[in-house]
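**Student:** For the protein sequence lines, the chains are A and B, in the order given. So in full-length UniProt numbering, spot 41 of the first sequence is number 41, and the numbers just go up one at a time. So in full-length UniProt numbering, spot 105 of the second sequence is number 105, and the numbers just go up one at a time. Got a structure for you, written out below as structure tokens; questions coming shortly.
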Amino acid sequence: MIKSLQARHAPLADTGYQLTVLTEAEAAGARLPAFGQKLRETGLLPLRPTALQTMQINVGRMCNQVCKHCHVDAGPDRKEIMTRETMQLCLDALARTDIAVVDLTGGAPEMNPDFRWLVEQISALGRRTIVRCNLTIIVANKKYHDLPEFFALHKVQVVSSLPHFSAGRTDAQRGEGVFEKSIRALKMLNAVGYGQPDSDLTLDLVYNPSGAFMPGSQAGLEREFKQRLGREFGIVFNSLLTITNLPVSRFLDYLLESGNYEKYMQQLVDAYNPTAAANVMCRSTLSIGWDGQLYDCDFNQQLDLLVSGPAPKHIRDFDEALLQDRTIVINQHCYGCTAGAGSSCGGTTA
Amino acid sequence: MESTYYNPADLAKFGNITDWQPEMGNKFFAYYAEVFKDGALTEREKALIALAVAHAVQCPYCIDAYTTDSLQKGADEAQMMEAVHVAAAIKGGAALVHSVQMMNKAKELSM
């Protein structure tokens with residue numbers, strides 16, 4: 001298993017250095033237009049929030065996997081996790097809003113010892129929970145084997161990464177043996193009703209490319225995944241969400257190491273889609289870090305780009321009106337969400 | 001003229017073929033786009049066919065483009081290599097099936 005950039009003391013573990021790489025196009029040998037310039041040309045600058053719909057909480061960077069493309073630089077060697085006190089601050093803020101959906105991410109969110117408590121509290125507030133489950137956590141340890149039943153009890157929407165229906169391409173991105181474990185976990189989720197035709201338990205899969213290329217058609221890939229996973233493993237699921245890899249953290253490291261950085265960025269820039277730009281998820285999401293700090297999205301969070309201006313910077317100071325009045329922080333990585341059919345935690349946007 | 005016949009940067013200039021004959025060029029690209037849409041065959045199947053043909057016609061631009069396209073459409077390495085084997089089998093078969101002519105001729109000339 002590879003180590004996180006942080007554990008390796010890699011230069012890219014420094015978010016300031018990542019931003020330098022992203023913004024100093026000349027240093028990387030390429031000349032790419034500033035993302036803000038593209039937004040201006042399409043009438044979207046400054047980028048402002050629309051109605052706040054989702055609270056996305058990153059409950060920690062601890063993970064049982066070390067995926068090559070992880071923008072969080074998560075792994076077993078990361079110890080930063082959200083405390084119950086900070087979770088309570090998130091719940092207090094949630095209770096003061098009409099936000100309908102709480103999206104729990106990580107790392108492996110289930111590894112946070114207060115994860116189940118948090119889901120129960122969100123349910124008690126009558127809000128819907130999405131968990132970004134890496135699947136293998138379910139079979140990683142006996143104490144996680146009942147996660148499917150727990151998810152079902154709280155009608156949690158499970159969104160799980162599976163970059164391919166073949167073991168080779170999945171393991172190349174997510175680690176040796178991940179495919180086989182993911183299949184086992186998917187069968188356990190199916191067994192309690194997830195993804196089944198007449199069930200209200202939603203199981204979505206996330207496809208992100210295992211390499212330096214953009215995702216193909218979401219509908220086409222969904223059809224392929226359904227056929228192959230159904231035929232070969234008897235697995236069912238609801239929707240496939242395609243997500244473009246953003247040049248942040250370990251995926252940025254991969255791009256630079258493999259010599260694909262310039263070409264990949266050019267591909268994203270060439271595929272800039274104003275409709276996708278208008279629908280970027282940061283406009284309707286509030287992202288909260290493990291320590292309670294506030295960001296426009298999980299990518300900005302991993303680049304330490306806090307919300308801008310007079311908007312509160314920590315969930316303890318949550319003020320929806322001030323947050324809604326902010327200007328969203330952008331940088332070159334944002335091209336990843338606006339390329340082609342667009343990309344968000346909910347799949348395509350255009 | 002370049003120092004080599006093939007330059008990877010030229011692939012991105014494919015669209016420029018409309019410069020000197022826009023009507024025909026545009027019609028070609030409209031047709032091209034139509035061909036690769038999801039239809040009776042899926043986009044992935046079409047990408048794999050294109051990849052196989054790219055090898056048969058030995059076009060480095062097409063190999064570059066359709067390797068990327070096949071990956072984007074969800075194909076994996078095994079599928080891509082099998083597609084190339086289909087091209088190789090047809091090319092090999094095309095050579096070998098002509099040996100029937102050779103055999104016919106040889107028999108005609110021989111005692």
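Here a beta-carbon is modelled for each residue, glycine too, at the ideal position from N, C-alpha and C.
#1: Check whether the Cβ atoms of Phe35 (chain A) and Asn331 (chain A) lie closer than 8 Å to each other.
#2: Would you say Glu224 (chain A) lies against chain B (beta-carbon separation less than 8 Å)?
#3: Give the list of continuous alpha helix (DSSP H) stretches no shorter than 4 residues that lie fully inside the UniProt domain "Radical SAM core" (57-194) of chain A.
#4: For Ile235 (chain A), name the three-state secondary structure that DSSP assigns.
#5: So, Pro49 (chain A) versus Ile328 (chain A), is the Cβ gap smaller than 8 Å?
#6: DSSP three-state label for Tyr207 (chain A), please.
#7: Measure the beta-carbon distance from Met62 (chain A) to Gly107 (chain A) and round it to whole angstroms, keeping in mind my assumption that it falls under 8 Å.
#8: Quick check on the burial criterion: 16 or more other C-beta atoms within 10 angstroms. Buried or exposed for Trp20 (chain B)?
#9: The region 38-56 of chain B: which residues have C-beta closer than 9 Å to a C-beta of chain A, in chain order?
#10: By the DSSP assignment, the alpha helix (DSSP H) with Thr67 (chain B) in it spans what residues?
#11: So which residues on chain A does Lys73 (chain B) lean against when the C-beta distance must stay under 9 Å?
#12: Is the CB-CB distance between Ile57 (chain A) and Cys90 (chain A) below 8 Å?
#13: Taking DSSP as the reference, what is the three-state secondary structure of Met214 (chain A)?
#14: With a cut-off of 8 Å, does the C-beta of Ser166 (chain A) fall near any C-beta of chain B?
#15: Between Met103 (chain B) and the ligand HEM, is there a pair consisting of the residue's CB and a ligand heavy atom that are separated by less than 7 Å?
#16: Are the region 133-149 of chain A and the region 93-101 of chain A in contact at 8 Å, needing three or more beta carbon pairs?
#17: Here's a check: name, in chain order, each residue in its chain whose Cβ is nearer than 6 Å to the Cβ of Ala7 (chain A), leaving out the five neighbours to either side.
#18: Inspect the beta-carbon positions of Ser161 (chain A) and Asn190 (chain A) and report whether they are closer than 8 Å.
#19: In angstroms, rounded to a whole number, what distance separates the CA positions of Gly211 (chain A) and Ser99 (chain B)?
#20: Is the region 207-222 of chain A touching the region 232-246 of chain A, taking contact as three or more C-beta pairs under 8 Å?
#21: For Thr18 (chain B), which residues does DSSP report across the bridge?
#22: Any beta-carbon of chain A closer than 8 Å to the one on Glu2 (chain B)?
#23: Start and end of the alpha helix (DSSP H) containing Ser249 (chain A)?
#24: For Met81 (chain B) and Gln157 (chain A), what's the separation of their Cα atoms in angstroms?
#25: Can you say whether Leu11 (chain B) is buried or exposed, counting buried as having 16 or more other CB atoms within 10 angstroms of its CB?
#26: Closest by CA to Met111 (chain A), which one among A:Leu203, A:Cys70 and A:Met82?
#27: Taking Cβ-Cβ distances shorter than 8 Å, what residues in chain B pair up with Arg169 (chain A)?
#28: Given that Thr68 (chain B) touches chain A, what residues does it touch there, using C-beta distances under 8 Å?
#29: Identify which residue in A:Thr202, A:Thr23, A:Gly43 and A:Tyr17 has its Cα closest to the Cα of Cys334 (chain A).
#30: Would you check if the distance between the CB atom of Thr86 (chain A) and the CB atom of Ile315 (chain A) is smaller than 8 Å?
**Tutor:** Concretely, from the data shown:
#1: yes
#2: yes
#3: 84-95, 115-124, 136-140, 147-153, 167-174 and 178-191
#4: coil
#5: yes
#6: strand
#7: 5 Å
#8: exposed
#9: Asp38, Thr42, Glu43, Arg44 and Ala47
#10: Pro60 to Gln72
#11: Gly216, Ser217, Gly220, Leu221 and Glu224
#12: yes
#13: coil
#14: yes
#15: For the ligand HEM, the structure offers nothing, since it holds no ligand at all.
#16: no
#17: Asp77
#18: no
#19: 44 Å
#20: yes
#21: Per DSSP, none; premise fails for Thr18 (chain B).
#22: no
#23: Ser249 to Glu257
#24: 37 Å
#25: exposed
#26: A:Met82
#27: Asp76 and Glu77
#28: Phe213
#29: A:Thr23
#30: yes
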